[in-house]
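Residue numbers (this note's numbering), protein chains in the order written: chain A, 4 to 56; chain B, 1333 to 1757.
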């Protein structure tokens, strides 16, 4: 999972991540627990998350 | 008559509720899988955090938003907060909370001034109600009247909390309009269920009136016919309407009809949009077993480095946290030049909280920041360009098109109400 410069750090992705795999502090960051499920992509309000196919 | 609303944030849903009540056939299109924009709940570790707002309405059960909800038949219980307090150092002259502090009532802010300045404030409170000062920032105006630095600190914490602006950025006219509204509507209140309590109630009204809310549906273009808004494009499909309301702010809305706005007569509007600055802020969400603030209102913290104010909504609605826990949220203004240093700003906020709550135990749940395309307000208060666009039949609502003197969602509601008056008469 890649987080681009659109990210503002609102943390919306953190609350929808089922794996607890996102940390946010000014900007979101995926941890090793990320399984690239892509759920967070849908909930990001600024199109900041890209999941590699 | 058909109406299309782009964006299911608070402004979009308020508009949809009002229009559907007036007999319009309303379709709301929302790109995300959830509704509510920056005014809904985010479930996290058993808490109801929020996607933006602080689960608080600036003018509580009698403010513009509460009145609007009542008018459209949205059933939301809003409980007035018991008090607003201001944390000040115990010893006069201290510059921070390190050597102790006390909380005073918001309305007693002038007790910290000299006798002479207190008298002057009392006179100004009367005289400025008739003749509002104009033509400068709030801070510049304060400095023409007083030498006491306390008043600037107090103004900064209030403006930071309420508007996510510094007192030297807020037009003095806007603040006096806000003060007038504080007399008119009273202080803050908390909707039961938090932000989502309001959103759910509005959705019930919309669907009961035959309106439809489509999530995961992105509008790619606003369609025009004979120079007038006539619908939207979603994927390859055109959806026709007599009226289009955009909840995306003026700039993003203009992007959806760029070709139509490229003519010379619109250059003034487009130039105005270039000057719009969204306001930035940081929210730190805390969990605690014992209350940190201790009441359901706002605690302003003018002597903190960054944190402007804190609320603790679980005194009114305990269900916003797991049993036995409190949800406490701090807000801090972020200056435009500091948006690129958010981590450092967050650290300062976290240090502030340690000094504001020195002997208390709490856990930091989530730190949320807002700026640029997902800001505190799309247009900083006092700079909103109104609800109309150069295109007939296309209006903009939301926190990029607030009415004058309205704090946050109250200003947003004033903007929606004035739009509805234009549309419905």
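The C-beta atom is built at its ideal place from N, Cα and C for all residues, glycine as well.
Looking at C-beta atoms only, is the number of pairs between the segment 1354-1374 of chain B and the segment 1554-1563 of chain B that lie closer than 8 Å three or more? no
Taking the runs of the beta strand (DSSP E) that are 3 residues or longer, which of them lie wholly in the segment 1658-1702 of chain B? 1658-1666 and 1695-1702
Report yes if the CB atom of residue 1284(B) is closer than 7 Å to the CB atom of residue 1414(B), and no otherwise. A question about residue 1284(B) goes unanswered here, because the residues of chain B that appear run from 1333 up to 1757.
Can you tell me the Cα-Cα spacing of residue 1468(B) and residue 1361(B), whole angstroms? 40 Å
With three or more C-beta pairs closer than 8 Å as the rule, is the segment 1686-1706 of chain B touching the segment 1718-1736 of chain B? no
For the alpha helix (DSSP H) containing residue 1460(B), name the first residue and the last one. Its alpha helix (DSSP H) spans residues 1447-1462.
Closer than 9 Å, Cβ to Cβ, to anything on chain A: give me those residues from the segment 1382-1396 of chain B, in chain order. Identification of residues in the segment 1382-1396 of chain B having a C-beta nearer than 9 Å to some C-beta of chain A yields 1383 and 1384, given in sequence order.
Kindly indicate which three-state DSSP category residue 32(A) falls into: helix, strand or coil? strand
Per-residue burial, residue 1663(B) [other beta carbons within 10 Å of its own, 16 or more giving buried]: Buried: at least 16 other Cβ atoms inside 10 Å.
Nearest-angstrom Cα separation, counted from residue 1512(B) out to residue 1682(B): 34 Å
Under 7 Å between C-beta atoms of residue 1678(B) and residue 23(A): no
Here's the rule: buried if 16 or more other CB atoms are within 10 angstroms of the residue's CB, otherwise exposed. What is residue 1457(B)? When all chains shown are included, residue 1457(B) counts as exposed.
Taking the C-alpha atoms as reference points, what is the distance between residue 1643(B) and residue 1625(B)? 7 Å
The alpha helix (DSSP H) spanning residue 1337(B) covers which residue range? First-last for residue 1337(B): 1334-1338, but that is the beta strand (DSSP E), not the alpha helix (DSSP H).
Identified DSSP bridge partners for residue 1615(B): 1663(B) and 1700(B)
Hey, which unbroken runs of the beta strand (DSSP E) at 3 residues or more fall wholly within the segment 1387-1437 of chain B? 1410-1412, 1417-1421 and 1433-1437
So for residue 1597(B), helix, strand or coil by DSSP? helix
Among residues of its own chain, excluding the 5 on either side of residue 1461(B), which ones have a beta-carbon nearer than 7 Å to its beta-carbon? none
Given residue 1533(B) as reference, the closest of 1687(B), 1403(B), 1621(B) and 1748(B) once Cα atoms are compared: 1403(B)
Within 7 Å (strictly less), CB to CB, does residue 1376(B) reach chain A? yes
Less than 7 Å between the C-beta atoms of residue 1393(B) and residue 1419(B), yes or no? no
Going along the chain, which residues of its own chain have a beta-carbon closer than 6 Å to the beta-carbon of residue 12(A), five neighbours each way excluded? 27, 29 and 30
Give a yes or no on contact between the segment 1649-1668 of chain B and the segment 1600-1615 of chain B, applying the rule of three or more CB pairs nearer than 8 Å. yes
For a contact meaning CB atoms closer than 8 Å, what does residue 1706(B) contact in chain A? Residues of chain A with a Cβ closer than 8 Å to the Cβ of residue 1706(B) are, in chain order, 11, 13, 48 and 49.
Could you give the first and the last residue of the continuous beta strand (DSSP E) run that contains residue 1726(B)? 1726-1728
Using a Cβ cut-off of 7 Å (strictly closer), state whether residue 28(A) contacts chain B. Taking 7 Å as the threshold, the shortest C-beta distance from residue 28(A) to chain B falls below it.
Runs of beta strand (DSSP E) lying entirely within the segment 1514-1595 of chain B, each at least 3 residues, in chain order: As far as the segment 1514-1595 of chain B is concerned, its whole beta strand (DSSP E) runs of at least 3 residues are 1521-1523, 1544-1546, 1553-1557, 1560-1566, 1569-1572 and 1575-1578.
Check whether the Cβ of residue 1698(B) lies closer than 7 Å to any Cβ atom in chain A. yes
Once DSSP output is grouped into helix, strand and coil, what is the label at residue 1621(B)? Residue state, collapsed to three classes: coil.
For the alpha helix (DSSP H) containing residue 1347(B), name the first residue and the last one. 1342-1353
Any beta-carbon of chain A closer than 7 Å to the one on residue 1588(B)? no
List the whole-angstrom C-beta distance separating residue 1674(B) from residue 1377(B), where the pair is believed to meet the contact cut-off of C-beta under 8 Å. That belief does not hold up - the Cβ atoms of residue 1674(B) and residue 1377(B) are roughly 23 Å apart, past 8 Å.
DSSP three-state call for residue 1641(B): helix, strand or coil? Correct three-state label for residue 1641(B): strand.
Residue 1567(B) versus residue 1656(B): straight-line alpha-carbon distance, rounded: 48 Å
Could you give the distance in angstroms between the alpha-carbon of residue 44(A) and the alpha-carbon of residue 1548(B)? 12 Å
Three-state secondary structure (DSSP) at residue 1632(B)? strand
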